[in-house]
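At position 176 of the sequence shown (counting the first as 1) the number is 179 in the working numbering, and the numbers step up by one without a gap. Down below is the structure, laid out as structure tokens.
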Amino acid sequence: MFILATLAVIVVIGALFVGNMQQNKRDAIVLPDAAQSTQPELQPDENEPALLEVTRENVQSIVRSLRRPQYYHQTYTITRQMNGAVSETSAELWVADTRVCAVLTTASGEKHILTDGETLYVWYAGDETVRTLAASQDVTMDELIGIPTYEQVGAMPPASITDGEFITDDRYDSGQQIFAASEEGTVRRECWISLSYGLLTESILKSGGETIYDAIQTGLEILAAGDETFEDVFTLPDGTVPFQE
């Protein structure tokens, strides 16, 4: 009798175990096959240079591939040093597609520049006399406001390029940077260019090892077409709006 009772208990336990196993199978989450769930690995574009592979040999081609935003508001502080004298200029720049407005502030006053790339208007604060000039096809807005354009890096003789690298710098809020430097004789030029926005972050010019020029970005807003920031910006002193959107 004891043996029969023991066998009966074993049968009951076995039945419960099998039942639980079947229930667990119903409740279990079935994972897809690993081979089926694996996504195809994206292959890098062979024509796109890797950021960490920026060198003096390829930095010019990278700079030439950068594109500026269409709409933005940017500010710079420009410091010039010559023969012990130091001067400082604050530059404020509004860009809306082909229309550009710049205000340059120095110790002697404010200079206003307004252009659409073809016609150039120049006047000074406190004087409503506006000079109208034809803008050179080759000139850039950077050059008009006294900032060497970084695009020149792409046009320099390759032998003059001494440095090219990808960097991050806590001084800048424009994200990742391209650093490029060139030397011609005793003159060395250094540029920091934002990879995020395609805009110049800082430009330094040295002569004989001494810094004679330093333009550094102090503010940047990426805007959209029709942004209220542009309201009344592209206007002459008499209220005339020479360029239409």
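Note that CB positions come from ideal geometry on N, CA and C, so glycine has one too. Values in this document were obtained by computation on a predicted structure and should not be read as measured data.
Helix or strand or just coil, what does DSSP make of residue i?
i, result
"residue 198", "coil"
"residue 208", "strand"
"residue 100", "coil"
"residue 243", "coil"
"residue 234", "coil"
"residue 39", "For residue 39, the pLDDT reaches just 45, beneath the cut-off of 50, and the residue's location in the model is therefore unreliable, leaving the point undetermined."
"residue 56", "helix"
"residue 146", "helix"
"residue 9", "The pLDDT assigned to residue 9 is 38, lower than 50, so where the model puts this residue is not dependable; a value taken from the coordinates is nonetheless given after this. Of the three classes helix, strand and coil, the one that applies to residue 9 here is helix, per DSSP."
Determine the burial state of residue i: buried for a count of at least 16 other Cβ atoms within 10 Å of its Cβ, exposed for fewer.
i, result
"residue 16", "With a pLDDT of 36 at residue 16, under the threshold of 50, the modelled position of that residue is not reliable, and no figure is offered here."
"residue 170", "exposed"
"residue 70", "exposed"
"residue 73", "exposed"
"residue 118", "buried"
"residue 112", "exposed"
"residue 234", "exposed"
"residue 63", "buried"
"residue 136", "exposed"
"residue 247", "exposed"
"residue 140", "exposed"
"residue 173", "exposed"
"residue 130", "exposed"
For residue i, report the span of its alpha helix (DSSP H) as first-last.
i, result
"residue 73", "Unbroken run through residue 73: none, as it is neither H nor E."
"residue 157", "155-158"
"residue 63", "62-68"
Which residue wins for smallest C-alpha separation from residue i, given the options the options?
i, options, result
"residue 159", "183, 137, 228", "183"
"residue 156", "71, 185, 214, 88", "185"
"residue 218", "229, 206, 109, 228", "206"
"residue 238", "68, 80, 106", "106"
"residue 208", "81, 148, 60", "81"
"residue 152", "210, 203, 231", "203"
"residue 142", "103, 214, 61", "103"
"residue 225", "162, 114, 76", "76"
"residue 212", "137, 124, 193, 154", "193"
"residue 195", "87, 66, 56", "66"
"residue 241", "124, 98, 56", "124"
"residue 178", "198, 133, 162", "198"
"residue 154", "134, 128, 136, 201", "201"
"residue 127", "187, 110, 62", "110"
"residue 227", "87, 98, 63, 88", "98"
"residue 164", "173, 140, 191, 172", "191"
"residue 147", "130, 122, 180, 181", "122"
"residue 138", "229, 150, 101, 88", "101"
"residue 150", "216, 245, 180", "216"
"residue 56", "180, 132, 145", "180"
"residue 243", "161, 187, 133", "133"
"residue 116", "88, 229, 145", "145"
May I ask which residues mark the beginning and end of the beta strand (DSSP E) holding residue i?
i, result
"residue 112", "112-118"
"residue 258", "Residue 258 lies beyond the residue range present for the chain, which begins at 4 and ends at 248; the question has no answer from this structure."
"residue 134", "130-137"
"residue 217", "213-225"
"residue 180", "180-187"
"residue 122", "122-127"
Between which residues of its own chain and residue i is the CB-CB distance below 8 Å, once the five residues before and five after are set aside?
i, result
"residue 78", "93, 94, 95, 96, 220, 221, 222, 223"
"residue 232", "76, 97, 224, 226"
Which same chain residues, not among the five before or five after residue i, have their C-beta less than 7 Å away from its C-beta?
i, result
"residue 214", "84, 207"
"residue 189", "210, 211"
"residue 236", "97, 104"
With 7 Å as the threshold, decide whether the Cβ of residue i is near any Cβ in chain D.
i, result
"residue 81", "The structure shown contains no chain D, having only a single protein chain."
Leaving out five residues on either side along the sequence, give the residues of the same chain with a beta carbon under 6 Å from the beta carbon of residue i.
i, result
"residue 20", "At residue 20 the pLDDT is 36, less than 50, meaning the model places this residue with poor confidence; the figure from the coordinates comes in the next sentence. Excluding sequence neighbours, residue 20 sits near nothing in its chain."
"residue 58", "167"
"residue 91", "82"
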